[in-house]
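Structure first, then comments.
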Amino acid sequence: MKRPRRAAMRGHTVKELGQLAGVSVRTLHHYDAIGLLKPAYVGANGYRYYGRDELLRLQEILVLRELDISLSDIATVLAAGRSDRASRLVAHRDRLVADAERRNRLIATLDRTIQHLKEDTPMMTEDLYDGISPERQESYEAWLIDRYGSDMAERIKDARGEIAPTSTGMLNSGTDAMAELARIESALVAVFQDGADPSADAVGSLIADHRDWVAARWKRPCDADAYAGLADLYQSHPDFVARYETLASGFSAFLNDAMNAHACAIRKAD
């Protein structure tokens, strides 16, 4: 039996759709098999044919895949049907724009880091992580809480709040805080590259400034044990090691030694 209406619309074969969308025929067959993207109809020749609605549905599937959504979750999203498609696409677009902005910032961060490494140009410490996703930040916090317990959760919560000034009146804002950290770290890198001993007085003075900075971020005193624990974090977490090695090769181990030497000095003084 002939089907004139179908013939008039014809649509795209699975091969044609694959070429249009840049996906494999095998992928389209899989989407059909799991009910994610059914063809508009199957012709007498056994070919699958896809119409406008299927093309729009495939576009949304591919957009969601770009957003790292699983196929099962995509099926749930698409279950709302065609009526909400426009509003869903607006939401997808907003998410892609936000992701693109973050990626552009991350690219700029990498460009600055590459220039810093190749040409020894100055680079602010806070710039090292510009563009890093909130998910990565959350993973750091989860790692800290798992390693150091519930007290660390309170410290993280406090650190998200407003930064308190130190006794010297510094760190009145987030910008001032990061500028002060950059100053301290730059000075520490300089004495490290000059061959200073981690327990030297010149290093200890800078490390004391660093401990004051940490205490201001935590909004509570940073005692010897807490500071030694932070030194352990800096030396044991691969992301922090990579961060300090970006400042200078071998600096992460030097910083760990200097922080532990300072913690020992505090204990002796007490």
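The sequence shown begins at 17 in our numbering and counts up by one. By construction, the Cβ of each residue, glycine as well, lies at the ideal position given by its N, Cα and C atoms.
Check whether residue i and residue j have beta carbons under 8 Å apart
i	j	result
alanine 264	valine 205	yes
tyrosine 250	leucine 271	yes
tyrosine 243	methionine 275	yes
glutamate 70	proline 55	yes
alanine 281	glycine 220	yes
histidine 45	valine 79	no
alanine 218	alanine 224	no
glycine 34	valine 41	yes
proline 214	alanine 277	yes
arginine 111	leucine 83	yes
tryptophan 229	isoleucine 200	yes
leucine 94	arginine 73	yes
serine 268	glutamate 261	yes
alanine 231	arginine 283	no
glycine 67	glycine 27	yes
Cross-strand partners of residue i (DSSP beta bridge)
i	result
tyrosine 63	According to DSSP, which records beta bridges pairwise, tyrosine 63 is partnered with nothing at all.
tyrosine 57	Tyr65
Residue i, DSSP secondary structure in three states
i	result
histidine 295	In the structure as shown, the chain begins at 17 and stops at 286. Residue 295 is therefore absent and cannot be evaluated.
valine 257	helix
valine 39	coil
alanine 195	helix
serine 265	coil
aspartate 48	helix
aspartate 110	helix
valine 72	Reading off the sequence, residue 72 comes out as leucine, not valine. Leucine 72 falls in the helix class under three-state DSSP.
alanine 212	coil
leucine 83	coil
methionine 275	helix
leucine 204	helix
methionine 186	The predicted model places methionine 186 with a pLDDT of 40, which falls under 50 and marks its position as unreliable; any figure quoted below should be read in that light. Coil, per DSSP.
glycine 97	coil
aspartate 286	coil
glycine 293	In the structure as shown, the chain begins at 17 and stops at 286. Residue 293 is therefore absent and cannot be evaluated.
phenylalanine 270	helix
alanine 158	helix
Residue i, enclosing alpha helix (DSSP H) - first and last residue
i	result
alanine 91	87-94
aspartate 228	217-234
aspartate 248	240-252
Residue i beta carbon near the ligand PLP (any heavy atom closer than 7 Å)
i	result
alanine 269	In terms of ligand content, the structure shown is empty, and the ligand PLP therefore cannot be addressed.
Is the segment 99-109 close to the segment 50-67, with three or more CB pairs under 8 Å?
no
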